[in-house]
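Below is one structure, written out as structure tokens, with a few remarks after it.
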Amino acid sequence: MRPDDPTDRTSAPAPAPRPTGPGHAHPGPIGRILVAWTELCLRAGWTIVAVAVFTAVVSGVWSARCLGYKVNRTDLLDPRSDYNKLWVDYVAEFGEDDDAVVVVEGPTRAETIRVLEEVSEEVAHDERLFSSVFHAVDLSRIRAKGLHYLSPDELEQIDHFLEESHPILDGGWASLKVGSMVGGLASQMVLGSPRNAPAPRELPVATLERYAESLVAGLEPAARMAATGPEDFVSPWPGMPASLSTLRDLSSDQLLAKDGRMGFVLLRLAKSNGGFAGASEATDELRRLIRGVAARHPTVTIGLTGLPVMEDDEMRASAQSMVWASGLSMAAVVIVIIAGFGGVRHALMANGVLVIGMAWAFAWATATVGHLNILSVTFTVTMIGVGI
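Under the working numbering, the residues of the sequence shown are numbered 10 to 397, in order.
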């Protein structure tokens, strides 16, 4: 038999033996589950796709309705930290709402005050969106608390004066006659005060001089009296304490700066519960009212600032940026997959899988946590980026 005879099987190489390791002969539980799931997907492909799309739609709708947002920065802190506990106690006692500030700048003080009052009246009409409107300090009510500003000695003098005036209030009007008053003072000057009596708040000589000045002022000619003002009146009674007489100058005063050419209106904005909206509705309504007032007063500049307004603008910008970032990431995934596979079908399928996975992930977050914060809200962009 020739060496190259094809019938000679003894010189042919033996086939390589098939691996008989335990991993191939007996796959583990995870391997068996994956194999079974793959076979099920291959046998009922369209059913699996329909179920995936249906559950993704249900998950997306449920997440859109039930998934909340916590935009407060304190939610990022450890609730067990001492600092956060103190802040939570402070908020529980005094609240966490900050003031929005409407700034009015006009050419004159009168114009600025007029616009301030108009703005405050406009926002005060809507109690649902605005509260605690503050544009002027009403100090006139402090007058009713004037005795709180007096010293104990001044209060004692007032009490002594009331005791002296008590007979007059009981009907003894004869005590107000000039003769009776001067005679009583003269008797005090001659006899003096009793030993056990308290020291007089004013010497009889000083009281008599004040009475004399009041009488002389009352006997002035009528022409001269007409030329005098209320400040020239000389009272026969003791003057008010200096700390008490300053209360008469207290009145309402607006929050002004720059010699009255700039004023401020402080108010609280109503916030919605959860979501990115925050105080968006109140901010939009306040800006609409400001535009209306500014249109009626073209010489006045009206602006809006404050922490609630800045937070609302920041959240709106973040939401808009997140939408743009998600769209650009999705487009980048499509471009990369088209460049890698050379077709549009695989790119659309890959993005569809990403969308379905994100819908399931949001549903899981809704069921387990119930809300997102200002950091986890970027989950969508992160997932799309991972898909690249």
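We put the beta carbon where it would ideally sit given N, CA and C, even for glycine. Quick caveat, the model's predicted, so the values are computed rather than measured.
Residue i burial status per 10 Å Cβ neighbour count (16 or more: buried)
{"i": "L363", "result": "buried"}
{"i": "S338", "result": "buried"}
{"i": "D98", "result": "exposed"}
{"i": "L49", "result": "exposed"}
{"i": "R277", "result": "buried"}
{"i": "A359", "result": "buried"}
{"i": "M319", "result": "exposed"}
{"i": "K280", "result": "buried"}
{"i": "I9", "result": "Absent from the structure is residue 9, since the part of the chain shown begins at 10 and ends at 397."}
{"i": "G32", "result": "At G32 the pLDDT is 46, less than 50, meaning the model places this residue with poor confidence and gives no usable figure here."}
{"i": "T216", "result": "buried"}
{"i": "F139", "result": "buried"}
{"i": "V100", "result": "exposed"}
{"i": "V378", "result": "exposed"}
{"i": "V302", "result": "buried"}
{"i": "R18", "result": "At R18, the pLDDT of 47 sits below 50, so the modelled position is not reliable; the number obtained from the coordinates is stated separately. Answer is exposed; the Cβ neighbour count stays below 16."}
Same chain, Cβ closer than 8 Å to residue i, five either side skipped, listed in chain order
{"i": "D262", "result": "A145, V146 and L148"}
{"i": "V44", "result": "P36"}
{"i": "W369", "result": "T64, A65 and S68"}
{"i": "L381", "result": "L76, G77, Y78, K79, A374 and F388"}
{"i": "L164", "result": "L156"}
{"i": "R150", "result": "none"}
{"i": "A61", "result": "I365"}
{"i": "D14", "result": "Confidence at D14 is low in this model, with a pLDDT of 48, below 50, so its placement is unreliable and the value that follows should be read with caution. Answer for D14: no residue qualifies."}
{"i": "T104", "result": "One detail in the question is off: residue 104 reads as Gly in this sequence, not Thr. So the list is empty, once near-sequence residues are dropped."}
{"i": "D329", "result": "For clarity, residue 329 is Gln in the given sequence; the question names Asp instead. For Q329, where only same-chain residues beyond five positions count, there are no Cβ hits under 8 Å."}
{"i": "D162", "result": "none"}
Proximal residues to residue i (C-beta, below 7 Å), its chain only, five neighbours per side dropped
{"i": "W71", "result": "A372 and T375"}
{"i": "V353", "result": "I347"}
{"i": "W96", "result": "T83"}
{"i": "L86", "result": "N93"}
{"i": "D106", "result": "R277"}
{"i": "R52", "result": "none"}
{"i": "I57", "result": "C50"}
Among the options, the one whose alpha carbon lies nearest that of residue i
{"i": "D268", "options": "E114, L164, P176 and W55", "result": "E114"}
{"i": "R325", "options": "R305, V343, A356 and A288", "result": "A288"}
{"i": "D322", "options": "A291, V302, A303 and A340", "result": "A291"}
{"i": "F143", "options": "F273, G351 and I311", "result": "F273"}
{"i": "V390", "options": "G349, V332, V343 and V378", "result": "V332"}
{"i": "A119", "options": "V309, A328 and T56", "result": "V309"}
{"i": "L126", "options": "L275, L357 and Q329", "result": "As written in the sequence, residue 126 is Glu, which differs from the Leu given in the question. Among L275, L357 and Q329, the Cα nearest to that of E126 is on L275."}
{"i": "L384", "options": "T83, A59, W55 and D168", "result": "T83"}
{"i": "T117", "options": "I311, S330, P38 and M271", "result": "M271"}
{"i": "V124", "options": "L86, F170, I311 and M367", "result": "I311"}
{"i": "E136", "options": "E294, A73 and S327", "result": "E294"}
{"i": "G361", "options": "P38, I39, T47 and A59", "result": "A59"}
Residue-level contact to chain C via CB, residue i, 8 Å cutoff
{"i": "L275", "result": "In the displayed structure, chain C is absent; only one protein chain is listed."}
Same chain, Cβ closer than 6 Å to residue i, five either side skipped, listed in chain order
{"i": "R41", "result": "none"}
{"i": "G30", "result": "Interpretation of G30 is limited by its pLDDT of 48, a score under 50 that renders its predicted location unreliable; no figure is taken from the coordinates."}
{"i": "A356", "result": "V343, I346 and I347"}
{"i": "L265", "result": "G272"}
{"i": "R89", "result": "none"}
Does the pairing of the stretch 110 to 128 with the stretch 310 to 325 give three or more beta-carbon distances under 8 Å? Cβ pair count under 8 Å is three or more, so yes.
At least three beta-carbon pairs within less than 8 Å, the stretch 130 to 145 to the stretch 288 to 306: Below 8 Å, enough C-beta pairs join the stretch 130 to 145 and the stretch 288 to 306 to call them touching: three or more.
Fully enclosed by the stretch 81 to 115, which beta strand (DSSP E) runs are 3 residues long or longer? Annotation: the stretch 81 to 115 contains the following complete segments of the beta strand (DSSP E) (minimum length 3 residues), in chain order: 109 to 114.
Please list the segments of the beta strand (DSSP E) lying wholly inside the stretch 307 to 338, counting only runs of 3 or more residues, in order along the chain. Secondary structure within the stretch 307 to 338: the beta strand (DSSP E) runs of 3 or more consecutive residues, fully enclosed, are 310 to 315 (chain order).
Please give the ranges of any beta strand (DSSP E) in the stretch 117 to 164, keeping only runs that are unbroken, at least 3 residues long and fully inside the region. Runs of the beta strand (DSSP E) lying entirely within the stretch 117 to 164, each at least 3 residues long, are 139 to 143 and 145 to 147 in chain order.
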